[in-house]
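Reading through the structure tokens given below for one structure.
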Amino acid sequence: MIRRLLARWRPARAAQPLPAPLAKVSPRDVGLHDAVLDGWFLNDSGELLKGFAITADDTLLDVGCGEGVATLFAVRQGASVIFTDSEHAKVRELARQVEAQSGKASLGLVSNSLPLPLADGCASKVVCMEVLEHIDQPQPFMAELVRMGRPGAQYLFSVPAPTGEHLQKGIAPDSYYQSPNHVQIFTPERFAALVEDAGLVIEHRQASGFFWVMGMIFFWAGERAAGRDPGGAVRDRIQEPFMPLMESWAKTWQDLLAQPGGLAIKQTLDRFMPKSQVIIARKPAVVGEVP
5 MIRRLLARWR PARAAQPLPA PLAKVSPRDV GLHDAVLDGW FLNDSGELLK GFAITADDTL
65 LDVGCGEGVA TLFAVRQGAS VIFTDSEHAK VRELARQVEA QSGKASLGLV SNSLPLPLAD
125 GCASKVVCME VLEHIDQPQP FMAELVRMGR PGAQYLFSVP APTGEHLQKG IAPDSYYQSP
185 NHVQIFTPER FAALVEDAGL VIEHRQASGF FWVMGMIFFW AGERAAGRDP GGAVRDRIQE
245 PFMPLMESWA KTWQDLLAQP GGLAIKQTLD RFMPKSQVII ARKPAVVGEV P
């Protein structure tokens, strides 16, 4: 009895502090780290991708520049830049950043690239990343890109890999496969043929980006849960604040890469289900040149 009374008057146990909230992990930051592991954005060697070096003597043409990651990388290497996009706001914002970072003349154009209002042979490096899948007529578009390159110019192309595209067809809304989004799916064979039939010589091919295949699945899951069917360009929707599912996935991938053998697991998954396929090619220095 006495014990029960004493227990009633015993001071309550001090409340335990709540665990600190986990720091948010940005899918974009994790995606950038993942890309560097694949050979992208090598600042020390000036290579936008391993095998695609940019120097102060280059003029880089970035077609479908978007946020301008390739253009700004080239600016940091001291190159002159020309950048185009069909959206005025993107060109205007990139022009502001280029002007703030570069002492060289630059040119930003709002254009759908059919045709490009530029002189033949204006660039020594041509970049067209994640653009061709949006183009209704890829052959004439590619012919314009080839026209822009000087003899011996180097080209960097990327498009989504078909495995990830077909996987998303069961998850993404129909609008993702309609203009202005993805209206083309390129098999590796079709992608290579598009480049070679335009008269370019392929120097390097690779595929990677499993992280972003899964990231897009979680993006679609979040969109569906919110009752949204994105209109316009989907890539413009993948911005901060990121969906909790995407942040959780980024944290999981970050933790995996930090494990012993994490890089080897990443490379296996990249081969199994890549997000993007990449081709580095060169315009022959003389007509009729073959590899």
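In the numbering used here, each residue's number is its place in the sequence shown (first place is 1) plus 4.
All C-beta atoms in this analysis are idealised placements derived from N, C-alpha and C, irrespective of residue type, glycine included.
Since the structure is predicted, the reported quantities are computational estimates derived from the model, not experimental observations.
{"query": "Neighbourhood of I86 by C-beta distance below 6 Å, restricted to the same chain and skipping five residues each side", "result": "L65 and L111"}
{"query": "Alpha-carbon spacing of A99 relative to P264, whole angstroms", "result": "42 Å"}
{"query": "Enclosing alpha helix (DSSP H) for T272 [first to last residue]", "result": "G266 to F276"}
{"query": "Straight-line Cα distance separating P184 from A147", "result": "21 Å"}
{"query": "Residues near P142 in its chain [Cβ-Cβ closer than 7 Å; skip 5 each side]", "result": "L136, Q188 and L198"}
{"query": "Bounding residues of the alpha helix (DSSP H) (the contiguous stretch that carries S252)", "result": "P248 to L261"}
{"query": "Residue range of the unbroken beta strand (DSSP E) whose run includes P177", "result": "Looking at the DSSP string, P177 is not in any beta strand (DSSP E), and its letter there is neither H nor E."}
{"query": "Own chain, CB closer than 8 Å to V290, minus 5 neighbours either side, in chain order", "result": "P155"}
{"query": "Beta-carbon contacts of P25 that lie in its chain and below 8 Å, excluding the five residues immediately before and after", "result": "Low confidence applies to P25: its pLDDT is 46, below 50, so where it sits in the model is not reliable enough to give any reading."}
{"query": "Helix, strand or coil at G153 [DSSP, three-state]", "result": "strand"}
{"query": "Selected residue, minimal CA-CA separation from S49, among E71, V29, S30 and A78", "result": "A78"}
{"query": "Beta-carbon proximity list for D38, same chain, < 6 Å, skipping 5 on both sides", "result": "F215"}
{"query": "Cα-Cα separation between A165 and K255, rounded to whole angstroms", "result": "24 Å"}
{"query": "Through-space distance from G68 to R194, alpha-carbon basis", "result": "21 Å"}
{"query": "Rounded straight-line distance, which links the Cα of E134 to that of A93", "result": "19 Å"}
{"query": "contact_flag[the segment 115 to 131, the segment 246 to 255] where n(CB pairs < 8 Å) is 3 or more", "result": "no"}
{"query": "Distance, S84 Cα to K108 Cα", "result": "6 Å"}
{"query": "Per DSSP, cross-strand counterpart(s) of L44", "result": "For the sequence presented, residue 44 should be read as Trp rather than Leu. The partner list for W44 (beta bridge, DSSP) reads L53."}
{"query": "Per-residue DSSP class, three states only, for D33", "result": "helix"}
{"query": "Euclidean distance between Cα positions of A176 and W224", "result": "6 Å"}
{"query": "Neighbour-count burial assignment, F276, 16 or more Cβ in a 10 Å radius", "result": "exposed"}
{"query": "Contacts around W257, its chain only, beta-carbon distance under 6 Å, and the 5 residues preceding and following it disregarded", "result": "V34 and F215"}
{"query": "6 Å Cβ shell around I284 - same chain, five flanking residues per side excluded", "result": "G55, F56, L160, E207 and H208"}
{"query": "Whole-angstrom distance between P192 and G168, CA atom to CA atom", "result": "13 Å"}
{"query": "Spatial distance of T59 from S30 (CA atoms)", "result": "31 Å"}
{"query": "Alpha-carbon spacing of E244 relative to V163, whole angstroms", "result": "24 Å"}
{"query": "Nonlocal neighbours in the same chain, by C-beta distance under 6 Å from R286, ignoring five residues either side", "result": "Q158, V205 and E207"}
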